[in-house]
Each structure stands twice: as C-alpha cells, then as structure tokens.
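> Pasting in a structure now, in structure tokens, and then I'll have a few things to ask.
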Amino acid sequence: MRLVPLLELRGLSVRLPAEPVPVHALRGLDLELLPGERLALVGESGSGKSTVLLAIAGLLPDEAEITGGRRFPALGREPTPGRDLGLVLQDPFASLDPVLSVGEQIGEVLVAHRGARWAEARRAAVVLLGRVGIAEPEARVDDPPHRFSGGQRQRIAIAMAIAAGPRLLLADEPTSALDTVVQAQILDLLDGLVREQGTALLLVTHDLAVASRIADRIAVLYAGRLVESGPAFRLLRSPRHPYTRALLAIARALEAGGGEPLAAIPGAPPEPGAELPGCSFAPRCPLASARCAEERPAWRGHPRDGVACHLVGS
Ligand code: SF4
Numbered sequence: 001m002r003l004v005p006l007l008e009l010r011g012l013s014v015r016l017p018a019e020p021v022p023v024h025a026l027r028g029l030d031l032e033l034l035p036g037e038r039l040a041l042v043g044e045s046g047s048g049k050s051t052v053l054l055a056i057a058g059l060l061p062d063e064a065e066i067t068g069g070r071r072f073p074a075l076g077r078e079p080t081p082g083r084d085l086g087l088v089l090q091d092p093f094a095s096l097d098p099v100l101s102v103g104e105q106i107g108e109v110l111v112a113h114r115g116a117r118w119a120e121a122r123r124a125a126v127v128l129l130g131r132v133g134i135a136e137p138e139a140r141v142d143d144p145p146h147r148f149s150g151g152q153r154q155r156i157a158i159a160m161a162i163a164a165g166p167r168l169l170l171a172d173e174p175t176s177a178l179d180t181v182v183q184a185q186i187l188d189l190l191d192g193l194v195r196e197q198g199t200a201l202l203l204v205t206h207d208l209a210v211a212s213r214i215a216d217r218i219a220v221l222y223a224g225r226l227v228e229s230g231p232a233f234r235l236l237r238s239p240r241h242p243y244t245r246a247l248l249a250i251a252r253a254l255e256a257g258g259g260e261p262l263a264a265i266p267g268a269p270p271e272p273g274a275e276l277p278g279c280s281f282a283p284r285c286p287l288a289s290a291r292c293a294e295e296r297p298a299w300r301g302h303p304r305d306g307v308a309c310h311l312v313g314s
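The sequence shown begins at 1 in my numbering and counts up one residue at a time.
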C-alpha cells in the first residue's frame, strides 16, 4: 500500500526580485516526503535549498513570484507553524528571544498550540529541556538564552521546535555553526527525537557527511533544480550524477582530514539570474558534451530514486 505523502512539491519555481535581474531561486522542483521520513536536501550555497524550506513554511517574501506549489496530503490542510511544523535554524539566537527565559519560550509554544496552562507548560518545559540533554533542567528553566553555550542554545531551539509534537520538522543547517563534537551530539539528538515522535524531518545541509548520519533519503539540488535523489544507502554507495560524485569526494576528503569545502569542484555555480537552457552543471562538469549545454536533461528513473543527466540511461 502506498503511503500518503506528508508533503508534496510539484513544479515549484520561485523568482525573487533583485537588481539588475531577478533571482531564479528554484526552477521547477518536484519533491515528496512521507510521514516519519528523514530527507536531507543537499547542495552548495545558492543552490536554493533554504528557499525550499521557506516555501514549505510559507515564509517567502510577499514579492516572490511563485509557480507550481506545495501540498500536505496527509494533513489535508495547510500546516499551522509551531503546531504541525517546527523550524530549527542555523543560528539558534534567530529563534530565541534574548529577554524571555528559555522556559517561557518553550512554554509559550505549548500554551499557544496545545492549550496548556502556564504552570503545566513550565513543567513540560523542564521535561523537554531534560529530553534535549540540558543538565539540571529544573534549575535552568528560568535562565535566559545568553546563559547557555551555542550547542545548548541549539538544543533549546530544538526543544521549542518539537514542543507541540509537529508532524514535520524543518532544519536549516542546524549544526554548521558548531564544532564537530557538538555537531555529532545535535545530529544524534535530532535523530532520536524524530524517531521517537514519528516526526518527518527535512534537513538542509551543504555537507553530505551530515546527511549520511541522519537521512533515509537524500535529494541533491543544483542551481534551483533537483539533479539526483534516492535512498541514502544507494546514493552514498553509487552516486549517478557527476555533481553528487563531486560532493561525495569532498565529504570523504574532509572526513580524511584534508581539503577545503567545495575545493574539488572547479568553477562556480551559475549566476542566480542566468537563463539555463541546458544542464546547469555543464560549465563545471568533466563529462559535459555539446548536447549538455543545449538540452536540459530529463529526470530518469523513479521520482524518489532518479537522476537528471544525459549520461544516465541513454
Ligand atoms: Fe554533466 Fe552533461 Fe550529465 Fe550535466 S547532463 S551532469 S553536463 S554529463
């Protein structure tokens, strides 16, 4: 029996006004996420991955031109941010109010979305702080965010995001500002929480190594288009798109202790306003032919396990 997707994006294109030309942030994106699934959306800076999260959360600016769309079939309605949909950002200070105590901020979510009374919400905040690994939560619940370390603040932001038991958690580079030890702890925490609650996770990252720690499925974005997606074990073992292979080589080089991020991919991504008639990766692809510059590669394979490259399946 086919599961009803929690989230479906169909032909999603987003243009943002800019000078001298508008930015094509997304160019016809198809993507789906099943209930409880953990999907990592991977791509370098400017690939459009954060725009995907903003589009899902309904947070794109009013002036954005949007075509195609997003649906939440398993919910059957628009999600309510905070209740159905939690958001974790790269910088936890962006989600935390510096003036309010962490207990008040977590409690607010429960009062607003679960109808809790304040005393009850405070008790629940203590439990949530303990669940995300804050030691002595009863003693820390009334502290403001600045009394916590960067890693602890990210744990508190996660506690807020999961407080109302959302069906979907969106996480935008949640570990990239943290050192590698804390990064691993936060990823393990996220992994445990979404498994425990049956929450679907959409994790945005530039780092395939981060994706490989947590994702059931990986989708690779390049210049606003999906270039490959598939089960994590397949994509990491036998990537089909030259860009995915390059990202994987970088992740492995970094894991082995050498190399700079993205140093292994020569050239730069296309200008965000550029018209791209052919394969957007052609100027950087070691396997490009004349056809690649003129003809956009069609998606080959299954919608959940496929690739857009002329060399695959031809
Ligand atoms: Fe490279 Fe051509 Fe495949 Fe694009 S379509 S990834 S340029 S081989």
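Glycine is no exception: its CB is placed at the ideal position from the N, C-alpha and C atoms. Model, not experiment: these values are computed from the prediction.
Run through the DSSP bridge pairs and tell me what VAL14 is partnered with.
Position 14 of the sequence shown, counted from the start, is the residue given in the question as residue 14. In DSSP, VAL14 forms a bridge with LEU26 and ILE66.
> ALA116 and ARG167 look like a contact to me (Cβ under 8 Å); what is the Cβ gap, rounded to whole Å?
The sequence position of residue 116 within the sequence shown is 116, counting from 1. The sequence position of residue 167 within the sequence shown is 167, counting from 1. In fact, because the Cβ distance is near 19 Å, the residues do not count as touching under 8 Å.
> At 3 residues or longer, what runs of the beta strand (DSSP E) sit wholly inside the stretch 235-309?
300-302 and 305-307
> Considering Cα atoms alone, identify which of ASP62, ALA57 and LEU129 is closest to ARG83.
Taking the first residue of the sequence shown as 1, we reach residue 83 at position 83. Nearest option by C-alpha distance: ALA57.
> Exposed or buried, what is GLY86 when buried is set at 16 or more other beta-carbons lying within 10 Å of its beta-carbon?
The residue you call residue 86 lines up with position 86 of the sequence shown. When all chains shown are included, GLY86 counts as buried.
> Could you pull the start and end residues of the alpha helix (DSSP H) that VAL182 belongs to?
Locating residue 182 in the sequence shown gives position 182, counting from the first residue. Counting along the chain, the alpha helix (DSSP H) containing VAL182 begins and ends at 180-197.
> Would you call VAL307 buried or exposed, if buried means 16 or more other Cβ atoms sit within 10 Å of its Cβ?
Within the sequence shown, residue 307 is the residue found at index 307, counting from 1. Buried, by the Cβ-count rule.
> Do you know how far the Cα of GLY273 is from the Cα of TRP299?
Translated into positions along the sequence shown, residue 299 becomes position 299. Translated into positions along the sequence shown, residue 273 becomes position 273. Their backbone Cα atoms lie some 23 Å apart in a straight line.
> Would you report the Cα separation of GLY28 and GLU173, rounded to the nearest angstrom?
Working through the sequence shown from its first residue, we reach residue 28 at position 28. Working through the sequence shown from its first residue, we reach residue 173 at position 173. So the two alpha carbons sit approximately 23 Å from each other.
> I'd like to know whether the C-beta atoms of GLY150 and LEU178 end up nearer to each other than 9 Å.
Here residue 150 is taken as the residue at index 150 of the sequence shown, counted from 1. Here residue 178 is taken as the residue at index 178 of the sequence shown, counted from 1. Yes, they are a contact pair.
> What did DSSP end up calling ILE106 once you bin it into helix, strand or coil?
Walking along the sequence shown from the start, residue 106 turns up at place 106. It is helical.
> For PRO270, which residues from the same chain have a beta carbon less than 8 Å from its beta carbon, with the 5 sequence-adjacent residues on both sides left out?
Counted from its first residue, the sequence shown places residue 270 at position 270. Closer than 8 Å at the Cβ level, and outside the excluded window around PRO270, lie ALA223, LEU276, SER280 and PRO283.
> Nearest-angstrom Cα distance between ALA249 and SER176?
Counting from 1 along the sequence shown, the entry for residue 249 is found at position 249. Counting from 1 along the sequence shown, the entry for residue 176 is found at position 176. Straight-line Cα distance between these residues: approximately 19 Å.
> Buried or exposed for GLY213, please, with buried defined as at least 16 other CB atoms from any protein chain shown within 10 angstroms of its CB.
As a working note, residue 213 is residue 213 in the sequence shown. Contrary to the premise, residue 213 reads as Arg rather than Gly in this sequence. ARG213 comes out buried.
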